[in-house]
Amino acid sequence: MSRRRSLVAVVSLVTLLAPLTTACAAGEGDSTATSSARRLRLDYAYSNPLSLVVRRQRWLETELRGTMITWVLSAGSNKADENLRAETIDVGSTAGAAALQARANGTPIKTIGVYARPEWTALVVPKDSDVTKVTQLKGRKIAATKGTDPYFFLLQALQEAGLKGTDVEVVDLQHADGRTALERGDVDAWAGLDPLMAQSQVDAGTKLVYRNPAFNSYGFLNAREKFLTHQPELARKVIDVYERARVWIGEHPDEAVELLASEAELAPEVAAVVLKERTEVEVGPVPGDEQRAVLERILPTLVREGQVPSEQEARTALDSLFAPDFR
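For the sequence shown, this note's numbering assigns the number 17 to the initial residue and increments by one for each residue that follows.
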């Protein structure tokens, strides 16, 4: 065979083998194909201790090798809902009332789990305030983060006291900014959120002027509907590791307190109050009748205060919010 013919034969053979070589490289361990097709984006929040455990233990990263895991800090339920709506996260943790409001306003989410039953909000006043009851807040400035449980707590507290949302001046601030405004004297009260609320009590001597655990909705774990349709196995894995975190907190209560203190930059004694006295993690993880009863009580307030388009849309949202069989 001539030198020219030999060169042509080699080139032809390389051309034939190139697609096979490329296919093997891309499918080797399915790592390249998987990483380009699979990703999981979820939030963590200081008000959601289970999320802190899952993130710190790296269970998802260990068990879902080849899947890109991204964690996004949620500063409040409103931010988690915004990220779910914008499709920048797939799974987000919010208060139950916030999840209902979001779905009623068109955010396509489903609640796939319940992570805690916290008493995470109350009405807070400065240490030298003369306010001792809710009725005294009429005409005053109250900081609250709209679209979150503290805001819905405020509306319920006002209603119970015979007041409406328009009887006070709500200053819409993110939770941390609300705490700052209260301590500076820029507002008369704050619809607080733990752990910021507990830390404010210790640091600034602020007082909880009104508490009512029944007005706090559960902590909900929500997922985008498209994500549930296209990546159901990833959603189930999130639920699984959340249950591992629930068990871990029960078996390691002191370590859980240390974790919350470290992540949220709290004094250990404050983290202990939040986690051991104001947060119940030993709750049923499947959304059902108990959570619906809480939202049924809150729903009229959302309608009356214009937080949802209509009662019918709110009820339709409530009827379709839970995904209890998604396990």
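Note that the Cβ used here is the ideal one computed from N, Cα and C, for glycine as well.
Inset, instruction - Could you round the C-beta distance between A230 and A239 to whole angstroms and report it? I think they count as a contact, below 8 Å. - result: As a working mapping, residue 230 is identified with position 214 in the sequence shown. As a working mapping, residue 239 is identified with position 223 in the sequence shown. A230 to A239, Cβ: 27 Å. No contact.
Inset, instruction - Determine the burial state of Q328: buried for a count of at least 16 other Cβ atoms within 10 Å of its Cβ, exposed for fewer. - result: The residue given as residue 328 occupies position 312 in the sequence shown. Counting Cβ neighbours within 10 Å, Q328 comes out exposed, since fewer than 16 surround it.
Legend entry - Straight-line gap, Y131 to Y258 (C-alpha atoms, nearest Å): Taking the first residue of the sequence shown as 1, we reach residue 131 at position 115. Taking the first residue of the sequence shown as 1, we reach residue 258 at position 242. Each residue's Cα considered, the two are about 8 Å apart.
Inset, instruction - Leaving out five residues on either side along the sequence, give the residues of the same chain with a beta carbon under 7 Å from the beta carbon of I105. - result: Here residue 105 refers to the residue found at position 89 of the sequence shown. Around I105: R57, L58, D59, V88, N99.
Legend entry - Supposed contact pair E241 and K126 - C-beta distance, whole angstroms, cut 8 Å: Translated into positions along the sequence shown, residue 126 becomes position 110. Translated into positions along the sequence shown, residue 241 becomes position 225. Rounded, the Cβ-Cβ distance is 6 Å, consistent with contact.
Legend entry - the stretch 156-171 in contact with the stretch 131-144 per 3-pair CB rule at 8 Å: yes
Legend entry - Contacting residues, own chain, Cβ-Cβ under 6 Å from E77 (five flanking each side not counted): Taking the sequence shown and counting its residues from 1, one reaches residue 77 at position 61. Within the same chain, E77 has close Cβ partners I85.
Inset, instruction - Evaluate the contact criterion for the stretch 173-192 versus the stretch 214-221: three or more CB pairs, one atom per stretch, below 8 Å. - result: no
Inset, instruction - Would you mind reading off the limits of the alpha helix (DSSP H) that contains L318? - result: Working through the sequence shown from its first residue, we reach residue 318 at position 302. Looking at the DSSP string, the run of the alpha helix (DSSP H) that includes L318 is 305-320.
Legend entry - Sub-8 Å separation of L237 and S109 beta-carbons: Translated into positions along the sequence shown, residue 237 becomes position 221. Translated into positions along the sequence shown, residue 109 becomes position 93. Closer than 8 Å, so yes.
Inset, instruction - Taking only runs that begin and end inside the stretch 148-229, name each unbroken beta strand (DSSP E) of 3 or more residues, in chain order. - result: 157-160, 185-188, 205-209, 223-226
Inset, instruction - Taking only the alpha-carbon atoms, compute the straight-line gap between L66 and S326 and give it to the nearest angstrom. - result: On the sequence shown, position 50 is the one that residue 66 refers to. On the sequence shown, position 310 is the one that residue 326 refers to. Roughly 34 Å between the two C-alpha positions.
Legend entry - Residues of its chain near S145, where Cβ-Cβ distance is below 6 Å and the 5 sequence neighbours each way are ignored: Taking the sequence shown and counting its residues from 1, the one referred to as residue 145 is at position 129. Closer than 6 Å at Cβ, skipping near neighbours: no residue.
Legend entry - Cβ shell of H191 (< 8 Å), same chain only, five flanking positions each side left out: Within the sequence shown, the letter at position 175 stands for residue 191. So the qualifying residues of the chain are A91, G92, T161, T164, P166, G208, L209, L212.
Inset, instruction - Whole angstroms is fine: what's the gap from K154's alpha carbon to D183's? - result: The residue given as residue 154 occupies position 138 in the sequence shown. The residue given as residue 183 occupies position 167 in the sequence shown. K154 and D183: Cα-Cα distance of roughly 6 Å.
Legend entry - Cα-Cα separation, H268 to R74: One-based indexing of the sequence shown puts residue 268 at position 252. One-based indexing of the sequence shown puts residue 74 at position 58. Cα to Cα, the separation comes out at about 17 Å.
Inset, instruction - Round the Cβ separation of L334 and S233 to the nearest angstrom and send it over; I've been treating them as touching at under 8 Å. - result: The residue given as residue 334 occupies position 318 in the sequence shown. The residue given as residue 233 occupies position 217 in the sequence shown. Actually they are not in contact, since the Cβ atoms of L334 and S233 sit about 12 Å apart, beyond 8 Å.
Legend entry - D270 beta carbon near the ligand NAD (any heavy atom closer than 7 Å): By its list of ligands, the structure shown contains no ligand whatsoever, and the ligand NAD lies outside what it can speak to.
Legend entry - beta strand (DSSP E) runs contained entirely in the stretch 67-147, provided each spans 3 or more residues: 84-89, 107-111, 125-134, 137-141
Inset, instruction - Verify whether the separation of the beta carbon atoms of A288 and V273 is less than 8 Å. - result: Within the sequence shown, residue 288 is the residue found at index 272, counting from 1. Within the sequence shown, residue 273 is the residue found at index 257, counting from 1. Yes, Cβ-Cβ distance for A288 and V273 is below 8 Å.
Inset, instruction - Could you tell me if K149 is buried or exposed, where buried requires 16 or more neighbouring beta carbons within 10 angstroms of its beta carbon? - result: Within the sequence shown, numbered from 1, the residue matching residue 149 stands at position 133. Flag for K149 reads exposed.
Legend entry - Three-state class that DSSP yields for R55 in the structure shown: The sequence position of residue 55 within the sequence shown is 39, counting from 1. Of the three classes helix, strand and coil, the one that applies to R55 here is strand, per DSSP.
Legend entry - Option in A113, R101, V107, V141 with minimal Cα separation from T123: Working through the sequence shown from its first residue, we reach residue 123 at position 107. Selected option, being the one with the closest Cα: R101.
Legend entry - Burial state of T151, where buried means 16 or more other Cβ atoms lie within 10 Å: Counted from its first residue, the sequence shown places residue 151 at position 135. Per the 10 Å Cβ criterion, exposed.
Inset, instruction - For the alpha helix (DSSP H) holding F243, just list the boundary residues, first then last. - result: Taking the first residue of the sequence shown as position 1, residue 243 is located at position 227. That run of the alpha helix (DSSP H) goes 241-246.
Legend entry - Reference Y219, options I314, K253, P142, S278, closest by Cα: The residue labelled residue 219 in the question sits at position 203 within the sequence shown. Here residue 219 is Asp; the residue named in the question, Tyr, does not match the sequence. For the residues I314, K253, P142, S278, the minimum Cα distance to D219 belongs to P142.
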